[in-house]
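Note that my numbering numbers the sequence shown so that position 8 is 8, with each residue one more than the last.
These notes are about the structure you will find just below.
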Amino acid sequence: MSILGCGWYGFALAKSLVSNGYSVKGSTTTVAKLAVIEREGIEPFLIDFDPEKSHNDSSFFESDILIISLPPKRHSGEHNEYPEKIRRIVEAAQSGKVQKILMISSTSVYGDVNRRILQGEIPVPDTESGIAILAAEKIVQGTQNINSTILRFGGLIGPGRNLAKFFAGKKDIANGLSPVNLLHLEDCIQLTQHIIATDAFGYTFNVCSPDHPTRMDIYTMASEISGLEMPHFIQELTKWKLIDGNEVCNKLNYKYLVNNWSEFLTPDKL
């Protein structure tokens with residue numbers, strides 16, 4: 001299989017798949033990272049679908065499964081270009097041997113609607129990135145002769161993304177009583193491998209831990225565990241959403257590794 005985007009999640013996934021006996025191709029846009037990828041037993045490719053730096057290798061798409069782990073770049077103004085980038089990727093997949101696409105999307109396709117959001121609801125994004133990601137999803141879903149599954153991940157945390165560091169020592173942080181919609185890297189990897197192993201294509205799933213503590217509670221707890229200065233939140237509930245990620249459990253018999261953040265979070269998990 002091929003993983004387009006060996007970033008924080010994609011690289012961890014690729015290493016896990018290799019350790020489980022899969023043959024994996026992995027892409028990066030950085031020449032220096034090719035050797036890093038190769039050292040982990042992953043076949044490295046330099047692939048870049050940015051119009052100004054386009055670099056493709058058709059042999060990367062000579063795989064049965066393509067995993068797209070390529071979110072819009074933050075603070076880059078890429079949002080308008082992102083759907084077209086995904087379109088070019090899909091066309092390359094169609095020209096190769098790809099039969100199935102697993103796209104890593106985001107719960108940002110849902111706006112803050114001040115209620116629980118259930119699987120199957122029509123997303124109404126309220127950010128530029130959410131609008132771009134939803135448009136990209138539709139391109140993947142509409143691809144002929146390729147079966148796809150979309151995984152809308154919640155906010156990702158894990159090694160290198162210590163929750164405590166987001167707000168440690170900060171004061172008067174707004175919306176302290178809003179629920180969080182988080183997902184740990186371990187669940188990202190386990191669910192992705194479950195999708196592959198059970199051939200669960202043709203779905204769209206919201207994916208986040210079933211435990212939704214308030215921002216105030218979880219970031220304060222993370223600061224305590226890390227020994228960092230406590231943040232101070234305003235005890236208010238303004239704009240929020242609570243993503244229901246249980247459909248993946250009902251449809252695929254998946255069990256989240258993290259269903260209680262207070263029990264799961266330890267210094268090595270942050």
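Backbone N, C-alpha and C fix where the C-beta goes; we use that ideal spot for every residue, glycine too.
Asked	Found
With a threshold of 16 other CB atoms inside 10 Å of the CB of Gly169, please say whether the residue is buried or exposed.	exposed
Sort out for me which residues DSSP pairs Val207 with in a bridge.	Phe153
In terms of DSSP beta bridges, what is Glu43 paired with?	Lys25
Using 8 Å as the threshold, is the stretch 166-186 in touch with the stretch 208-219, meaning 3 or more CB pairs across them?	yes
Return the residue from the list Gly176, Leu102 and Asp126 that minimises the CA-CA distance to Val113.	Asp126
Would the beta-carbon of Ile104 fall within 8 Å of that of Phe49?	no
Could you check whether the stretch 26-44 touches the stretch 130-147, counting it as contact only if at least three pairs of C-beta atoms, one from each stretch, sit closer than 8 Å?	no
By a C-beta neighbour count over all protein chains shown, 10 Å radius and 16 as the cutoff for buried, is Ile122 buried or exposed?	exposed
Please identify the residue among Leu191, Ile195 and Thr198 whose C-alpha is closest to the C-alpha of Cys208.	Leu191
Using DSSP bridges, identify the partner residues of Arg116.	Leu242
Taking the DSSP output, what are the residues bridged to Asn147?	Lys100
Count the other CB atoms, across all protein chains shown, that sit within 10 Å of the CB of His184; report buried if there are 16 or more and exposed otherwise.	buried
With DSSP as the reference, identify every bridge partner of Asp48, one or two as the case may be.	His55
Does the separation of the CB atoms of Ala92 and Asn56 fall below 8 Å?	yes
Just the Cα atoms here: how many angstroms apart are Asn175 and Thr214?	9 Å
Could you tell me which of Thr143, Met1 and Ile37 sits nearest to Trp8, measuring between CA atoms?	Ile37
Would you report the Cα separation of Pro71 and Gln119, rounded to the nearest angstrom?	21 Å
Taking Lys171 as the reference, give the member of Tyr82, Thr266 and His232 with the closest Cα.	His232
Checking 8 Å against the spacing of the C-beta atoms, do Leu242 and Pro179 come in under that value?	yes
Within this structure, are the beta carbons of Asn147 and Gly96 separated by less than 8 Å?	no
Would you decide whether Val124 is buried or exposed? Buried here means 16 or more other CB atoms lie within 10 Å of its CB.	exposed
Using only the alpha-carbon positions, how far apart do Glu224 and Arg152 sit?	30 Å
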